[in-house]
Amino acid sequence: MDFDDKRKNMVATQLITRGIVDNLVLDAMLKIPRHLFVSDDMIERAYYDMALDIGVGQTISQPYMVAVMTELLELDSTLKVLEIGTGSGYQTAILAEIVSEVYTIERIESHTVRARQNLNNMGYSNVYFKSADGSLGWPNEAPFDRILVTAAAPDIPPPLIEQLADNGIALAPVGQRHSQQLQKLKKSAGSITTEYHVPCLFVPLIGKHGWQE
Ligand code: SAM
């Protein structure tokens, strides 16, 4: 099976059968070559139903989890999105396929460098990268219509809630360091509502409003 077939198989067997229905999400995941976001020794496993090591103790998330998070964000082509935890840049590319602009922050500089290079090579010109503590957000570029945190936090960091636009959605794996649930927060006319979704396990958000290293 070549990579295109593996990707089609991933979408059919891991996403559609588990209830992912948003065509924007399914089309982006059919298009983005996930095998280009993992190291050569992982390439044969790129379309497996699991998170994979990307170095420096970090992971590229399981495809299903990427799809669930992207669908929960209720995206469209007009939106400006902040992502915390660039990692390999795979989720960043999925977002960049769907929305207008993506601002992405990663604390490990070597990951930022590699993701930037990869996305530039793929021709994305709507992604802005920064290497910093993403728990502080990106105040100079706020407000954001959507904020996605792809590392586990004790709570959604308060600066991110401040930087969320009215009618915005923020999503993060929230809970204990070794067990979380996806928390979806909506801001509307200044008031906040919260929903909880699937249980999950992410690497920790390390920073001022996350966990200590
Ligand atoms: N979405 C990524 C992908 O598609 O490859 C996977 C993200 S990985 C599960 C979580 C990432 O969050 C790691 O690369 C980690 O270094 C990063 N991270 C942890 N704490 C952070 C912080 N305070 N600010 C920015 N990035 C952080």
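Quick note: the sequence shown, position 99, residue 89 per the working numbering, numbers continuous. The beta carbon of each residue, even a glycine, is placed where N, CA and C say it ideally should be.
- When rounded, the separation of the alpha-carbon atoms in Thr184 and Gln173 is 7 Å.
- DSSP places Phe(-7) inside the alpha helix (DSSP H), whose first and last residues are -7 to 0.
- Shown here, Lys177 sits in a strand according to DSSP, grouped into three states.
- Shown here, Ile182 sits in a strand according to DSSP, grouped into three states.
- Annotated three-state conformation of Gln153 is coil, per DSSP.
- Shown here for Ile88: same chain residues with a beta carbon closer than 6 Å to its own, the five before and five after excluded, namely Leu14, Ala18, Leu65 in chain order.
- Spatial neighbours of Gln153 in its own chain (CB-CB distance under 8 Å, excluding positions within 5 residues in sequence) are listed in chain order as Leu72, Gly127, Trp128, Pro129, Ala132, Pro133, Phe134, Ile137.
- A check of alpha carbon separations from Asp145 across Gln166, Ala41, Val193 identifies Gln166 as the nearest.
- The count of Cβ pairs closer than 8 Å, one atom from the stretch 46 to 55 and one from the stretch 103 to 112, stays below three, leaving the stretches out of contact.
- Looking from the CA of Val193, the closest CA among Pro148, Asp156, Thr140, Phe27 belongs to Thr140.
- Look at the stretch 39 to 90 and you find these whole runs of beta strand (DSSP E), each 3 residues long or longer: 42 to 45, 48 to 50, 70 to 74.
- Boundaries of the alpha helix (DSSP H) harbouring Ser100: 99 to 111, taken from the DSSP string.
- Gly77 is the residue among Leu85, Thr82, Gly77 whose C-alpha sits nearest the C-alpha of Glu96.
- A straight line joining the alpha-carbon of Val117 with that of Val92 spans about 5 Å.
- The DSSP-derived three-state label of Val11 is coil.
- Distance from the C-beta of Leu72 to the nearest heavy atom of ligand 1 is not below 7 Å.
- A direct Cα-to-Cα measurement between Leu85 and Met32 gives close to 23 Å.
- The nearest non-hydrogen atom of ligand 1 is 7 Å or more from the C-beta of Gln166.
- In this structure, Lys(-2) lies near Leu20, with their beta-carbon atoms less than 8 Å apart.
- Closer than 7 Å to some heavy atom of ligand 1: that describes the Cβ of Asp123.
- Non-local C-beta neighbours of Leu69 in its own chain, meaning closer than 7 Å and more than five positions away in sequence, comprise Val89, Ser90, Asp135, Arg136, ordered along the chain.
- Annotated as distal: Leu26 and Leu16, with beta-carbon spacing of 8 Å or more.
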